[in-house]
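Note sheet for the following structure.
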Amino acid sequence: MAAPHVSGVAALLKKLHPDWSPAAIKSAIMTSALTVDRDGNPITDDASGKPASIFAVGAGHVNPPSARDPGLVYNASTEDYIPYLCGLKGYTTLKVRKIVKMPVICKEKKGAEEVNYPAIQVAMGAATNKSVTRNVTNVGEASSSYTADVVEPTGVKVKVNPTTLQFTSFGEEQSFVVQLNLVGTKPLGKKEVRVGRLKWVSDKNKNEVSSPIVVTS
Numbered sequence: 220m221a222a223p224h225v226s227g228v229a230a231l232l233k234k235l236h237p238d239w240s241p242a243a244i245k246s247a248i249m250t251s252a253l254t255v256d257r258d259g260n261p262i263t264d265d266a267s268g269k270p271a272s273i274f275a276v277g278a279g280h281v282n283p284p285s286a287r288d289p290g291l292v293y294n295a296s297t298e299d300y301i302p303y304l305c306g307l308k309g310y311t312t313l314k315v316r317k318i319v320k321m322p323v324i325c326k327e328k329k330g331a332e333e334v335n336y337p338a339i340q341v342a343m344g345a346a347t348n349k350s351v352t353r354n355v356t357n358v359g360e361a362s363s364s365y366t367a368d369v370v371e372p373t374g375v376k377v378k379v380n381p382t383t384l385q386f387t388s389f390g391e392e393q394s395f396v397v398q399l400n401l402v403g404t405k406p407l408g409k410k411e412v413r414v415g416r417l418k419w420v421s422d423k424n425k426n427e428v429s430s431p432i433v434v435t436s
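Positions 220 to 436 (my numbering) are the ones given, in order, by the sequence shown.
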């Protein structure tokens, strides 16, 4: 039943904010989601009764009242996905043109990690450090400030630059970089997953724009 519930919330958000893109609506739903139950405990897996894995719970439990006013959104357009499509194995310029129905040329390529998604998932491979860039758009109060609050994945140092985002107008965009460094010199083991979280907290504590951080091998 998750899909129809989320679809209904998306429809209500589109009615409330007709100028929002599908990506903005998705961002509002994800970044405002609840990560604990009513008793303040981690959301559990029905099958095991244990805390659900990040791949089961995702961003969390949908929270419609908070999704109405998320403060910031991670926006993206069709054009933003073109470099990602161009970077997929076997995707030629002709194939990408058929998908996006635009006369594009695959000059720029991006990995999935660099898509402006409201979550950060990084596959380290043999590397011990990686960085990703994200952009957020102010859909809250015109004059506002947000400070980064990070829960680091176990064994991973996370650095956010800048640590504060200052907005002076509605619709203003700001970018930031998240750098992830494994503690020690060994790469992650096979199928190893480390989970953390990045929150952008508004100066008036009105909004918490929350994104999971997932580091895999």
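Backbone N, C-alpha and C define an ideal beta-carbon position, used for all residues, glycine too.
Could you name each continuous alpha helix (DSSP H) segment of 4 residues or more that falls completely within the segment 256-286, going from the start of the chain to the end? The segment 256-286 contains these whole alpha helix (DSSP H) runs: 273-276, 283-286.
Does the structure place the segment 286-302 close enough to the segment 239-246 that three or more beta carbon pairs sit under 8 angstroms? With a cut-off of 8 angstroms, the segment 286-302 and the segment 239-246 count as touching, because enough Cβ pairs lie within range.
Could you say which of Ile432, Phe395, Val370, Pro302 lies nearest to Val412 if we only look at CA atoms? Ile432
Please confirm whether any heavy atom of the ligand MG lies closer than 6 angstroms to the CB of Val323. You won't find the ligand MG in this model; it holds no ligand whatsoever.
Three-state secondary structure (DSSP) of Val319: helix
Write down every uninterrupted run of the beta strand (DSSP E) in the segment 310-357 whose length is 3 residues or greater and which is fully enclosed by it, in chain order. Those beta strand (DSSP E) runs which fall completely within the segment 310-357 and span 3+ residues are 339-342, 348-357.
Quick check: what's the CA-CA separation for His224 versus Ser246? 16 angstroms
CA-CA distance, Lys326 and Leu399? 28 angstroms
Using the C-alpha atoms, what's the distance from Leu407 back to Ala361? C-alpha of Ala361 to C-alpha of Leu407: approximately 42 angstroms in a straight line.
What are the start and end residues of the alpha helix (DSSP H) that includes Thr297? 297-306
Of all the options Glu371, Gly279, Ile262, Thr263, which has the alpha carbon lying nearest to the alpha carbon of Pro337? Gly279
Under a three-way DSSP split, which group does Gly444 fall into? Residue 444 lies beyond the range of the chain shown here (220 to 436); nothing can be said about it.
Buried or exposed for Ile244, please, with buried defined as at least 16 other CB atoms from any protein chain shown within 10 angstroms of its CB. Buried, because 16 or more other Cβ atoms sit within 10 Å of the Cβ of Ile244.
Any idea what DSSP makes of Pro164, helix, strand or coil? The question about residue 164 has no answer, for the chain in this structure spans 220 to 436.
With Ser285 and Ser251 assumed to form a contact (beta carbons below 8 angstroms), what rounded beta-carbon distance in angstroms separates them? 4 angstroms
Using the Cα positions of Thr427 and Ser296, report the straight-line distance between them to the nearest angstrom. Thr is not the amino acid found at residue 427; the sequence shown has Glu there. Straight-line Cα distance between these residues: approximately 24 angstroms.
My understanding is that Ser436 touches Lys405, with C-beta atoms under 8 angstroms, so please give their C-beta distance in whole angstroms. Not quite, the Cβ-Cβ distance comes to about 11 angstroms (not below 8 angstroms), so this is no contact.
Proximal residues to Gly330 (C-beta, below 7 angstroms), its chain only, five neighbours per side dropped: Gly306
Residues bridged to Phe386 (per DSSP): Ser363
Cβ pair count under 8 angstroms reaching 3, the segment 387-401 against the segment 347-359: yes
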